[in-house]
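Please read the structure below before turning to the comments.
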């Protein structure tokens with residue numbers, strides 16, 4: 429998968445919301461609005477990124493075939509988080525015209541919650557690894 433292909437998947441899935449959030453809906457491999465979601469997705473999937481402000485196609489191509497859908501889903505999660513952060517509209521009414529942009533944020537949040545639940549179930553996303561240890565309760569006796 430190339431960066432342009434990943435961008436196309438993200439834009440096709442969320443271009444309506446991206447437009448309302450004043451984000452670019454291009455997908456030629458250089459959409460700066462998608463750098464952060466793509467970089468965080470790669471890092472979450474244990475890949476490296478040299479510069480989070482400019483993810484290269486080579487870094488995306490390095491994703492193993494078995495991890496492609498994981499990276500796509502993680503990128504969608506981070507894109508929806510970015511969209512929510514960029515939504516500044518509120519409900520407004522001017523005469524007979526009414527816009528309820530808070531409903532848009534509710535819809536984005538609902539999809540984000542669904543993707544987070546799926547990613548947690550399938551890939552353990554957001555779940556801290558279980559660790560354990562052994563306590564040695566034996567004490568040394570010291571003779572005076």
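Residue numbers (the numbering used here): 429 to 572.
The C-beta atom is built at its ideal place from N, Cα and C for all residues, glycine as well.
Residue 506 to residue 446 span [Cα, whole Å]: One C-alpha to the other measures close to 12 Å.
Under 8 Å by Cβ, that's how I've got residue 533 and residue 549 pegged, so tell me the actual separation to the nearest angstrom. Residue 533 to residue 549, Cβ: 25 Å. No contact.
Pull up the distance between the alpha-carbon of residue 499 and that of residue 531, whole angstroms please. Cα-Cα distance, rounded: 28 Å.
Just to confirm, are residue 522 and residue 429 a CB contact at a threshold of 8 Å? Residue 429 sits away from residue 522, with the two beta carbons spaced by 8 Å or more.
Which residues in the same chain as residue 469 place their Cβ atom closer than 7 Å to its Cβ, once the five residues preceding and following it in sequence are excluded? Close CB contacts of residue 469 within its chain, under the 7 Å cut and outside five residues either way in sequence, are with 499, 502, 503 and 506 (chain order).
Determine the direct distance from the alpha carbon of residue 455 to that of residue 436, and round the result to whole angstroms. Rounded to the nearest angstrom, the two C-alpha atoms are 5 Å apart.
Residue 459 classed as buried or exposed, judged by whether at least 16 other C-beta atoms fall within 10 angstroms: Around the CB of residue 459, 16 or more other CB atoms lie within 10 Å, so the residue is classed as buried.
How about residue 508 and residue 471: do their beta carbons lie closer than 8 Å? Note that the C-beta distance between residue 508 and residue 471 is not below 8 Å.
Suppose the cutoff is 8 Å on Cβ atoms and the five residues either side in sequence are ignored; what does the same chain contact list for residue 457 look like? The answer, listed in chain order, is 430, 431, 432, 435 and 485.
Test item: CB-CB of residue 510 and residue 464 under 8 Å: Cβ distance < 8 Å, so residue 510 and residue 464 count as in contact.
Leaving out five residues before and five after residue 553 in sequence, what residues of the same chain have Cβ atoms less than 6 Å from its Cβ? The answer, listed in chain order, is 547.
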